[in-house]
Each structure stands twice: as structure tokens, then as C-alpha cells.
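First up is the structure itself, then whatever we jot down about it.
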Amino acid sequence: MDIESFVLKLYKYFHIYTVRTEQVKEFCEFVDIDYLRLLNTNNTRWLSLLAAVDRVLKLFPVLRSYFLSQSNPPTAIVSFFENPLAEVWLWFLCNQLSLFSDTIKEMEKQNASVIDIARQITQLIGKLKERRDACFMGLKVKELLKSLKEQGLLPKPKVCNSLCAFYNSSIDYLEEWGAYFADLNTFSWILLNTVLVWDNVEMSLLFVKSVSSTLQINEMELFDEITWVRKCTADRLIEWNDQKKTADERWMEIFDYFQNQNITFKNTGLMV
1 MDIESFVLKL
11 YKYFHIYTVR
21 TEQVKEFCEF
31 VDIDYLRLLN
41 TNNTRWLSLL
51 AAVDRVLKLF
61 PVLRSYFLSQ
71 SNPPTAIVSF
81 FENPLAEVWL
91 WFLCNQLSLF
101 SDTIKEMEKQ
111 NASVIDIARQ
121 ITQLIGKLKE
131 RRDACFMGLK
141 VKELLKSLKE
151 QGLLPKPKVC
161 NSLCAFYNSS
171 IDYLEEWGAY
181 FADLNTFSWI
191 LLNTVLVWDN
201 VEMSLLFVKS
211 VSSTLQINEM
221 ELFDEITWVR
231 KCTADRLIEW
241 NDQKKTADER
251 WMEIFDYFQN
261 QNITFKNTGL
271 MV
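Below you can see the structure in the form of C-alpha cells.
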């Protein structure tokens, strides 16, 4: 079953039915687990799905016992809880949703630029590839799989294949969806979070010239301006990064300094 669909079915099953909720509360009291209201997903899909899945995991033993004890439970829900790997998939998904949610929060920051977004997508794809290559699943998932193996309930090749399929599908989706942002990675130097390297600026210049014949940038002057920028930022990077200053704030500080020192920055201004 699709996990998002499963979470939604669970939520709807209890949402307006007080009797069912009270029955679950009794199960919670019996096994000494604090009752928590199940959550629905909303328009912020990845963020809300993480919270909803986390809530199901907190109540998983209770919910499984509850549905498996019912005389006529919803087929889709009881089928999920009958699957010995149900809790495994929820924990695995929760681990991955945390990664996606952290990325989305960074992308949705007020001052995030398209270059910030491009960098976040690239980093997310890189992290997923690292997890795929290591067949990363998390300690809790390994613990559950070990228990299932001891019970003779673990189809290990199927699990590993499913993990790789998840990672590959996520990577393919992000690479397709983020194709528009791929070229913008050549402009990552504009974020000013590392020491400037001319080769990186030159790559951006080549891209600009390939897409615009009207933008006039003097390469020689640009090199000299970038040299000044590198000198000005070398001793400021640690402080900027510690203060989490945005790229806008960093460039404003640089341009104010240039203006006060009568240093030209017209070509850098066009690039930025």
C-alpha cells in the first residue's frame, strides 16, 4: 500500500468516530502507551507526511493490536498491519522523510535564491546516492530486520531490492524535476560561502555568454574585480558563516566597501 494513502485511511477511520478513538485509548492504557491523536497530511505534503508517519510509529503496537482484534476491519488497513515488514517500511520512510523535510525547510527560507535551491537539490541527490550505495536503512530498521530474521519472516533480497528501488526512484524524480536548476549550479560561487576560485566564475561566464549575446561583460575587468572580492572575503567567511548571513547581505557588504574605496564592480554586478 502507498504509505500516504495508508496514513490518510487511518486518519479518516478515527477522525469523527469517538467510539473508535475511545477503544484505542483503552488499548493504550493496557500497554502503557500515551495516546496521541493521529495526524492528516496537508498541502505541505512532505513536511506533514513526516509528522503523520512519526505519529503512527509512536502508536504502532497499539494500532496493530487494535485492528487485528477487530471482527470486520477495513481490508486495506488490516492487510498493512498483517505485513511483517509494515513497521520496517514506516521507520525507513520516516528516516528518508526527515532528509526531504530538512531540504524543503532550507529551500523555503525567506531569502533563499534560485541558486540556493539548485544547491539544495544537488546536495539532496548526492545524499540519496550515498545512502543508496551504502544500502543505508538506519539502526532501528536493522534492529527490526534482525528480529524478523530470527523469526524466519525476513525475505532479505526483497527488502534490499525495495530499498534500492526507493532511492533510485527518488533520485530519478529529483534529477528530472531539478533539470532546470542544473545549470545554476555553476553560479554557486555567488553564495560566497567558500573562498572564490576564478575557474568557477569562468564557468558561469561561459554559460552567460552561451545564453545571452546582449549582456556585455569584460572578462579582463571581471577577473580583477573577482580578485578584489576574494581578498575582501577571505577573512570574513568564518564570521559570515557563523552568523548565517545571506548571500544578499554578503554582497551588500562587499559592494558598500567597493563603493567607499572607489573600486569598480560593474562586471561583477552584472554576474551577480
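Counting with our numbering, you get residues 1 to 272 for the letters of the sequence shown. Quick reminder that beta carbons are idealized off the backbone N, C-alpha and C, glycines included.
Here DSSP, grouped into helix, strand and coil, assigns residue 181 to helix. Contact between the region 204-217 and the region 231-246 is absent: fewer than 3 CB-CB pairs across the two stretches fall below 8 Å.
A direct Cα-to-Cα measurement between residue 129 and residue 202 gives close to 28 Å. When secondary structure is reduced to three states using DSSP, residue 55 falls in the helix class.
With a cutoff of 8 Å on beta-carbon distance, residue 190 and residue 247 are scored as near each other. Assigned with DSSP and collapsed to three states, residue 132 falls in helix. Residue 69: member of the alpha helix (DSSP H) spanning 60-69, first to last residue.
Classified as exposed, residue 220 has fewer than 16 neighbouring CB atoms from the shown chains inside 10 Å of its CB. Shown here for residue 218: same chain residues with a beta carbon closer than 7 Å to its own, the five before and five after excluded, namely 267 in chain order.
In this structure, residue 125 lies away from residue 47, with their beta-carbon atoms at least 8 Å apart.
In the three-state DSSP reduction, residue 173 falls in the helix class (H, G or I). From the listed residues 148, 59, 254, 152, the smallest Cα separation to residue 7 is found for 59.
In this structure, the beta-carbon distance from residue 27 to residue 66 falls below 8 Å. Residue 50 sits close to residue 101, with the two beta carbons spaced by under 8 Å. In the DSSP annotation of this structure, the continuous segment of the alpha helix (DSSP H) that includes residue 149 starts and ends at 139-150. Rounded to whole angstroms, the separation of the alpha carbons of residue 265 and residue 163 is 50 Å. The beta carbon of residue 117 sits closer than 7 Å to those of 107, 181, all from its chain and outside the five residues before and after it, given in chain order. Bounds of the alpha helix (DSSP H) holding residue 86 are 86-107. Each residue's CA atom was taken as its position, placing residue 81 and residue 171 some 29 Å apart. Taking 8 Å as the upper bound for CB-CB distance, residue 11 and residue 42 are not in contact here, some 11 Å apart. Looking at the backbone, the Cα of residue 94 and that of residue 223 are separated by about 47 Å.
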